[in-house]
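Per the numbering used here, the very first residue in the sequence shown carries number 167; after that it's consecutive. Taking it in order: structure first as structure tokens, then the write-up.
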Amino acid sequence: MASLAHVALWTRDLDAARFWRDYFGAQVGEPYRSARREGFVSRFVTLAGCGQIELMTGPWLSACTEEEAARERVGWDHVAVSLGSREAVDRLARRCAADGRLVSPARVTGDGFYEAVIAMPDGVRVEITA
């Protein structure tokens, strides 16, 4: 039986890990600095009951512009985190709106999900679902 171990996200701001701690109560691991790939640093964020996210960075990421980083491209589009209820989605969406992180307000999507979309500090989208 297979299970998802973790997902990995490139970010320019490894301190974005505090986003996961502050908004989702995640445990944040210490940074790992690769001895084999100069400049590569990562840290794991552990969400209670649903796995880990590896945040990764390197000096080569500064070479792309904000516009290039925000452009849609082939690959993962977002991470979705289930909060367990519509009330929890609404509560976090209000908090993120006040903090300037709300991308799309809570709604029922065409495929039946109750969700809102928020953004990490570098713009990576995170769906929050009931």
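Using N, Cα and C, we set each Cβ at its ideal position, and we do this for glycine too.
Do you know how far the Cα of F279 is from the Cα of A246? As a working note, residue 246 is residue 80 in the sequence shown. As a working note, residue 279 is residue 113 in the sequence shown. Cα to Cα, A246 sits roughly 11 Å from F279.
At which residue ranges does the stretch 184 to 253 contain complete alpha helix (DSSP H) runs of 4 or more residues, listed in the order of the chain? Whole alpha helix (DSSP H) segments, 4+ residues: 232 to 236.
When you compare only the Cα positions, how much space is there between T231 and V290? Position 65 of the sequence shown, counted from the first residue, corresponds to residue 231. Position 124 of the sequence shown, counted from the first residue, corresponds to residue 290. In this structure, the alpha-carbon of T231 lies about 14 Å from that of V290.
Out of L175, A285, I294, which one is the CA nearest neighbour of L221? The residue you call residue 221 lines up with position 55 of the sequence shown. Nearest of L175, A285, I294 to L221, Cα basis: L175.
Status (buried if at least 16 other CB within 10 Å, exposed otherwise) for V211: For the purposes of this step, residue 211 is taken as the residue at position 45 of the sequence shown. Buried is the call here.
Measure the CB-CB distance between A296 and V255 and report whether it falls below 9 Å. Here residue 296 refers to the residue found at position 130 of the sequence shown. Here residue 255 refers to the residue found at position 89 of the sequence shown. Yes. Within cutoff.
Proximity below 9 Å, CB of A214 to CB of G250: Here residue 214 is taken as the residue at index 48 of the sequence shown, counted from 1. Here residue 250 is taken as the residue at index 84 of the sequence shown, counted from 1. By the CB criterion at 9 Å, A214 and G250 fall outside the cutoff.
Measure the alpha-carbon distance for A259 versus I294 and round it to whole angstroms. Counted from its first residue, the sequence shown places residue 259 at position 93. Counted from its first residue, the sequence shown places residue 294 at position 128. Their Cα atoms are separated by approximately 8 Å.
What is the C-beta distance between F185 and M286, in whole angstroms, given that I count them as a contact (C-beta under 8 Å)? Locating residue 185 in the sequence shown gives position 19, counting from the first residue. Locating residue 286 in the sequence shown gives position 120, counting from the first residue. F185 to M286, Cβ: 5 Å. Contact.
With a threshold of 16 other CB atoms inside 10 Å of the CB of A229, please say whether the residue is buried or exposed. Here residue 229 refers to the residue found at position 63 of the sequence shown. That one is exposed.
Report the rounded CA-to-CA distance for F187 versus R203, giving the unit in angstroms. For the purposes of this step, residue 187 is identified with residue 21 of the sequence shown, where counting begins at 1. For the purposes of this step, residue 203 is identified with residue 37 of the sequence shown, where counting begins at 1. Note that residue 187 corresponds to Arg in the displayed sequence, not to Phe. Roughly 27 Å separates the two Cα atoms.
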